[in-house]
Amino acid sequence: MSLLVENLCKDYPTRGEPLAVLRGVNLQLDRGDAVAVMGPSGSGKSTLLHILGTLDTPTRGRVTLDGVDPFTLPEPQLADFRNRRIGFVFQDHHLLPQCTVLENVLVPTLVGHGDRAAVRKYADELLERVGLAGRLDHRPAELSGGERQRVALARALIHRPTLLLADEPTGNLDRRTAQSVGKMLLDLHRQTNTILVVVTHSQELADTFPRLMLMEDGALRAVGAPGKAASDERITRREDGIFPSGAPPEAAR
Ligand code: ADP
Ligand code: MG
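Residues 103 to 355 (our numbering) make up the sequence shown, in order.
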């Protein structure tokens, strides 16, 4: 298994008893797997994604990605692991406003000494696949919401990560744009053979995924049959504050 999550628990300290948000999450995913995670607001979906993305640490339990428990790594190695193995897409694009489309996609590659020409070629290729080949020099302010998310998608994939995480990636988009960005996300995931975990409130988006899981009482459970849209067990939609604890951590940008 490329991603193994075992009895993952997360408590947040409070003035009283600690708040047990994750109470034993188990998950096994391999390259090529895609899962949509739904669940009520405050059920711990973002917390789980942040821990899978190594932006937050578990209280108990274990995460293994490509055979490595990232939480055993010292900080410089952890940052490198996160940068190379994990791609993030957030509800808000988190693009750098002063940088062009191309520069934004290349930002994760600025550390390290990779083959610049190869990286540039892959950035061009990704931007072409998301339909922005003609917009390389544009700044985020000159793009629509859907186009910004497509840049964010290309940026998340620039290092050919094992794990692609998306927290409400279509949450700020109108329905039609959400459909096209959702389709692009799944298409790119298939083309790049990543593990894709998407948190969403959109039943429409979730129905396009081969697997659906529900976060409830601090644990994940599978809903519906694999390979089949899970619309037979509809999930109550609730409006959500996406980052109740504030903006995502700096490392996510
Ligand atoms: P979801 O994404 O499912 O809406 P979250 O994972 O954001 O839920 O939050 C789950 C619970 O954990 C909420 O009750 C939230 O207030 C709490 N929480 C999230 N982050 C923190 C934090 N840094 N400190 C304390 N409590 C937090
Ligand atoms: Mg959330």
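No residue lacks a Cβ here, since even glycine has one placed at the ideal position from N, Cα and C.
According to DSSP, is Glu-119 helix, strand or coil? coil
Own chain residues within Cβ distance below 7 Å of Ser-282, not counting five before or after: Gly-248
Inter-residue Cα distance where the pair is Leu-234 and Leu-121: 43 Å
I'd like to know if the region 218-235 and the region 179-187 are in contact, where contact means that at least 3 CB-CB pairs between them fall below 8 Å. no
Short check: CB of Ile-153 to CB of Pro-210, under 8 Å? No, Cβ-Cβ distance for Ile-153 and Pro-210 is not below 8 Å.
Any chance the CB of Gly-118 is under 7 Å from a heavy atom of the ligand ADP? no
Work out the CA separation of Arg-117 and Asn-295 for me, nearest whole Å. 44 Å
Can you tell me which of Glu-306, Asp-269 and Thr-310 puts its alpha carbon nearest to the alpha carbon of Cys-146? For the record, residue 146 in the displayed sequence is Gly; it is not Cys. The shortest Cα separation from Gly-146 among Glu-306, Asp-269 and Thr-310 belongs to Asp-269.
Any non-hydrogen atom of the ligand MG within 7 Å of Lys-356 CB: What is shown of the chain runs 103 to 355, which leaves residue 356 out entirely.
Cut-off 6 Å between Cβ atoms - residues of its own chain near Ile-188, not counting five sequence neighbours on either side: Gly-155, Pro-263 and Leu-265
Among Ala-219, Asp-135, Pro-242 and Met-315, which one has its Cα closest to the Cα of Leu-197? Of the candidates Ala-219, Asp-135, Pro-242 and Met-315, the one whose C-alpha sits nearest the C-alpha of Leu-197 is Pro-242.
Complete alpha helix (DSSP H) runs within the region 209-253 (minimum length 4 residues, chain order): 218-231
Confirm the yes/no value for this check: CB of Ser-304, any heavy atom of the ligand MG, distance under 7 Å. Between the ligand MG and the CB of Ser-304, the shortest heavy atom gap is not smaller than 7 Å.
Cα-Cα separation, Arg-222 to Val-170: 28 Å
Whole-angstrom Cβ separation of Gly-141 and Glu-318, contact assumed at under 8 Å? For Gly-141 against Glu-318, the beta-carbon gap comes to about 6 Å, under 8 Å, which counts as contact.
Alpha carbon to alpha carbon, how far is His-195 from His-240? Give it in angstroms, no decimals. 15 Å
Nearest-angstrom Cα separation, counted from Phe-173 out to Thr-310: Using only the alpha carbons, I get a separation of about 32 Å.
Within the same chain, show all residues whose beta-carbon is closer than 7 Å to that of Glu-199, passing over the 5 residues directly before and after it, in chain order. The sequence as given places Pro at residue 199; Glu does not occur at that position. Answer for Pro-199: Arg-241, Pro-242 and Ala-243, listed in chain order.
How about Thr-161 and Lys-112: do their beta carbons lie closer than 8 Å? Going by C-beta atoms, Thr-161 is nearer than 8 Å to Lys-112.
Exposed or buried, which one is His-303 when buried takes at least 16 other CB atoms within 10 Å? With at least 16 other beta carbons inside 10 angstroms of its own, His-303 counts as buried.
Under the three-state DSSP convention, the category Glu-318 falls into: strand
Taking C-alpha atoms, which residue in Val-139, Gly-236 and Pro-312 lies nearest to Thr-202? Gly-236
Alpha-carbon spacing of Leu-106 relative to Leu-245, whole angstroms: Whole-angstrom Cα-Cα distance: 37 Å.
On the criterion of 16 or more Cβ atoms from any shown chain inside 10 Å, does Arg-184 qualify as buried, or is it exposed? buried
Within the present structure, is the beta-carbon of Val-123 separated from the nearest heavy atom of the ligand ADP by less than 7 Å? Within the cutoff, so yes.
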